[in-house]
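Quick notes on the structure that follows.
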Amino acid sequence: MLYDGRPVELTAEQEEVASMFAIMKETDYMKKPTFLKNFWEGFKEVLGRSHVIKGLDKCDFSPIYDHLMAERDKKKALTKEEKAAIKVQKDAAEAKYKHALVDGRQEQVGNFRVEPPSLFRGRGEHPKMGKIKQRVYPRDITINIGRDAPIPEHPYPGQRWKEVRHDNTVTWLAYWRDTVNPKEYKYVWLGATSSFKAESDLLKYEKARKLKDYIDDIRKNYKRDWGSSDVRRKQMGVAVYFLDKLALRAGHEKDDDEADTVGCCTLKVENVECVPPNHIKFDFLGKDSIRYENTVDVEVPVYKAVEAFTKVDARGKRKGLRDMVFDTFDATDLNKELKALMDGLSVKVFRTYNASITLDRLLAEMEEAEDAYAGKTVDAKKADYDRANKEVAILCNHQRAVPKTHETSMAKVTEKLNAMREEIKALEEEHEAALRAKGKGKNPDAIASKLSKKMTALERAELQAAVKEDLKTVALGTSKINYMDPRITIAWCKRNEVPIEKVFNKSLLNKFHWAMDVESGFRF
DNA sequence: GCCCGTGACTCAGAAATATTCCA
DNA sequence: GTGGAATATTTCTGAGTCACGGG
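Quick note on my numbering: the first sequence kicks off at 1287 and runs consecutively.
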C-alpha cells in the first residue's frame, strides 16, 4: 500500500488487516465516519506506536484492492474443468465436517467453519462497525461431544480446545466468544434438517396453532383493557392489540453499543403519529435497522389511548420525542403477562400465528373464489401462492434491497413489451386488411388465431413485469423459511395437484421433511 | 421473591455461488 | 450449442427473542 504517495512495507499481520479494509472499498461503509474511526483505532494498534502511518487520510489501499481484484478475476477466468476439479477437492476436504453422530443418528452439521477474521459489518448505524474481528483459535473454542467420543483434531499443533464438554441438555456442538462483542457467543449447530431443529419447528407451529383457540378471549380481554383506569393495564391492552394486528416484534431494551432499533415495547413517541380521525402512522427502525413504515386504521379507543400515551407518562409527566410510548412495562413483563393468557404464549408466537393464519386464509379464499380451482394451470396456482406469500412478507415487513440489476432488466422488459404491442398492432391491421380482401388475400382466421396467441403472451409478460416491479423490495423467503407452517403449503399442493417442488426448493423440502405426510385437508 | 445478566436458540438480509435462461 | 446475464439457492454472520438461574 501507499502512504502519502510512498510505498510502505507491512508485516503479514498488518497486511491482513489492511486487506480487510481494502476489500471494502466499494461498500457504503467507506462513507461512514464510525466505520473509519473504529477501523483506524484497530489498525493503529496493529501498526504499533512508531509506525510511519499516522492516519487514514494519507493511506492508499488501492494497490491491495487491485491485487485482490486481480486474484478474483484469475479465479473467474479458470476453465470449467479447472473449477470443477477445485470444487471436487474442496468438497472432499470438507466432507468429514458435514455430519455428526447424534444418539446413533447421522445428522447434518450447519455451520462447521469458524468465522474468519474481518472487519465487523454491523447493520444500520452500529457503533462498533469497522472494529477488527480477531482470528479464533482452538484455544478459544469449547466443544460439546459424547462422553466416549474421541476428541476431534484441529490444525494447530501445540494448542488444546478451550474446553471439552459432554452436555446433552444443549444442542450446540461448539461455541466461542465473539471478539467484537465479548458478551456474545457464536455457536456451531446442527443443520435445519436435524431432528432437534425439526422437533422445535413442529413445536413452534403447534404453539402458534394453539393460539387460535385462545385468540377470541384474548381479544375480548384487551378490548376491555383499553378502558381500564390502570395505565399499565391499558397500555398492555394496546400493546397486545398491536401484536395481534401488526405482528410486531417484542422490542427488548438495547445498550448504547448496539444500533438504535425498536420493537413494540420500545416504541418511542417519535415513532408513532396520530392522524385524525383514527389512523396511527408507524415509522421506526426494526430488526437489522429495516424501516417499518405503516399507517393503520385503529379502533377509536386505541387511537385515544395512544394519543394519551404519547403525551404524558403514567405519573403525569410530559413525554419527549425520545420517551417510550409504553412506559409501564418492558418485553419481559409483557411475556410474563402473556403466559397468564395461554401456556407457552410469548410475543413471537403472535408473529408465527399471524403469518400462518394469513397464508391459510388467503389460499383458502382463492380456492373458494373459483369453481374447479384445482383445474387451473400450475403456473396460475403458483402465482396465487406467491401472491399470498407476498401478503405475509409485507405483514412481517420482510424487505430486501432493490436488486442492483433491477432497473436495467426492467428497462429491457419494457422494451420487449413495447415490441410485442407493436407486433399486435401490425397483426390487427393485417387482419382487417385480410377481412376487406374477402378471401383474395391471407386467411383472416389464421391471423386472428396468431393474434390471440400474441395477446395472451403479452398479458402474461405484462403480469410478470408487474409482479417483478411489485416484489423488488419484498423478500418472500424469510416467511417461507421461518413463519408459515409448511403443512399449510403442502396440504394446499396436495389439494390442488401442484408439485411441492414448485413451491419448496431442495433445502426447504429437506427442512420440512417432518411435514410431508400431512393430509390434504389440513388447515392451520 | 425479584431482577438482571447470561446462555441458547430463532430469525434476518446481504453476499457468494450455482443454476437457468435466452440471444 | 454457447456464453454471459439473470435468477435462484446457499452461505454467512449479525440481530433478534426469551427462559432461567444465581445473587
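Note that beta-carbon positions come from the ideal geometry of N, C-alpha and C, so glycine has one too.
This one's a predicted model, so the numbers in the text were calculated from it and none came from an experiment.
- Listed in chain order, the non-local C-beta contacts of Arg-1518 below 8 Å within the same chain comprise Ala-1600, Thr-1614 and Phe-1615, local neighbours out to five positions each way being set aside.
- Setting aside the 5 residues that flank it on each side, Lys-1311 is surrounded in the same chain by Phe-1347, Ser-1348 and Tyr-1351, each with a C-beta closer than 8 Å to its C-beta; the list follows chain order.
- Per DSSP, reduced to three states, the secondary structure at Tyr-1289 is strand.
- Within the same chain, Cβ atoms closer than 7 Å to the Cβ of Glu-1299 are found at Val-1332, the five residues on either side in sequence being excluded.
- A Cβ-Cβ distance of about 7 Å is found for the pair Ala-1536 and Leu-1620, placing them in contact under the 8 Å criterion.
- When the five nearest sequence neighbours on each side are left out, the beta carbons in the same chain lying within less than 7 Å of the beta carbon of Val-1664 are those of Val-1784 and Lys-1788, in order along the chain.
- Residue environment analysis places Asp-1569 among the exposed positions, since fewer than 16 neighbouring C-beta atoms fall within 10 angstroms of its C-beta.
- Our two residues, Arg-1335 and Val-1526, have alpha carbons roughly 56 Å apart in a direct line.
- One alpha carbon belongs to Gly-1606, the other to Tyr-1589, and they sit about 19 Å apart.
- The secondary-structure analysis by DSSP pairs Gln-1392 across a beta bridge with Leu-1387.
- Annotation note: the segment 1302-1356 contains the following uninterrupted alpha helix (DSSP H) runs of length 4 or greater, listed N- to C-terminal: 1319-1333.
- DSSP lists His-1565 as the bridge partner or partners of Asp-1583.
- Boundaries of the beta strand (DSSP E) around Ala-1460: 1460-1463.
- Under the DSSP assignment, Thr-1428 falls outside any alpha helix (DSSP H), being part of the beta strand (DSSP E) whose first and last residues are 1428-1430.
- Counting other Cβ atoms within 10 Å of its Cβ, His-1353 stays below 16 and is therefore classed as exposed.
- A straight line joining the alpha-carbon of Ser-1575 with that of Cys-1682 spans about 14 Å.
- Taking C-beta atoms under 8 Å as the contact rule, Val-1422 and Glu-1401 qualify, at a distance of about 7 Å.
- Taking a cut-off of 8 Å on C-beta distances, the segment 1312-1330 touches the segment 1405-1417, as three or more cross pairs fall below it.
- Take the alpha-carbon of Ala-1751 and the one of Gly-1807: they are about 34 Å apart.
- Counting only residues of its own chain and dropping the five nearest sequence neighbours on each side, Leu-1322 has a CB closer than 7 Å to the CB of Leu-1342 and Gly-1416.
- Taking 9 Å as the cut-off, the Cβ atoms of Ala-1777 and Glu-1805 count as close.
- Excluding the 5 residues flanking it on each side, Met-1628 has same chain C-beta neighbours closer than 6 Å at Tyr-1500, in chain order.
- Excluding sequence positions up to five before and after Glu-1677, its CB lies within less than 7 Å of the CB of Thr-1644 and Leu-1648, all in the same chain and listed in chain order.
- Within the DSSP bridge table, the entry for Met-1770 names no partner.
- For Ala-1743, the closest C-alpha among the options Asp-1487, Arg-1773, Ala-1705 and Ile-1774 is that of Ala-1705.
- Ser-1642 counts as buried, since at least 16 other C-beta atoms from the protein chains shown sit within 10 angstroms of its C-beta.
- Fewer than three Cβ pairs drawn from the segment 1685-1698 and the segment 1713-1728 lie within less than 8 Å of each other, which leaves the two stretches out of contact.
- Sixteen is the threshold: since fewer than 16 other Cβ atoms of the shown chains lie within 10 Å of the Cβ of Ser-1515, the residue is exposed.
- Cβ-Cβ separation between Leu-1459 and Ile-1429: approximately 7 Å, consistent with a contact (criterion under 8 Å).
- Cβ-Cβ distances below 8 Å link Gln-1420 to Pro-1403 and Thr-1465 in the same chain, with the five nearest sequence neighbours on each side left out; the list follows chain order.
- For Lys-1792, no beta strand (DSSP E) run applies; the uninterrupted alpha helix (DSSP H) run containing it begins and ends at 1792-1797, by DSSP.
- For Glu-1449, the uninterrupted beta strand (DSSP E) run begins and ends at 1449-1451, by DSSP.
- If the five residues before and after Arg-1391 are omitted, its C-beta is found closer than 8 Å to the C-beta atoms of Ser-1481, all from its own chain and listed in chain order.
- In the three-state scheme derived from DSSP, where H, G and I count as helix and E and B as strand, Gln-1685 is classed as strand.
- Distances from the CA of Glu-1755 to each of Ser-1735, Gln-1394 and Ser-1695 were compared; the closest alpha carbon is that of Ser-1695.
- Of the residues assessed, Met-1802 falls on the exposed side of the cut-off, its CB having fewer than 16 other CB atoms within 10 angstroms.
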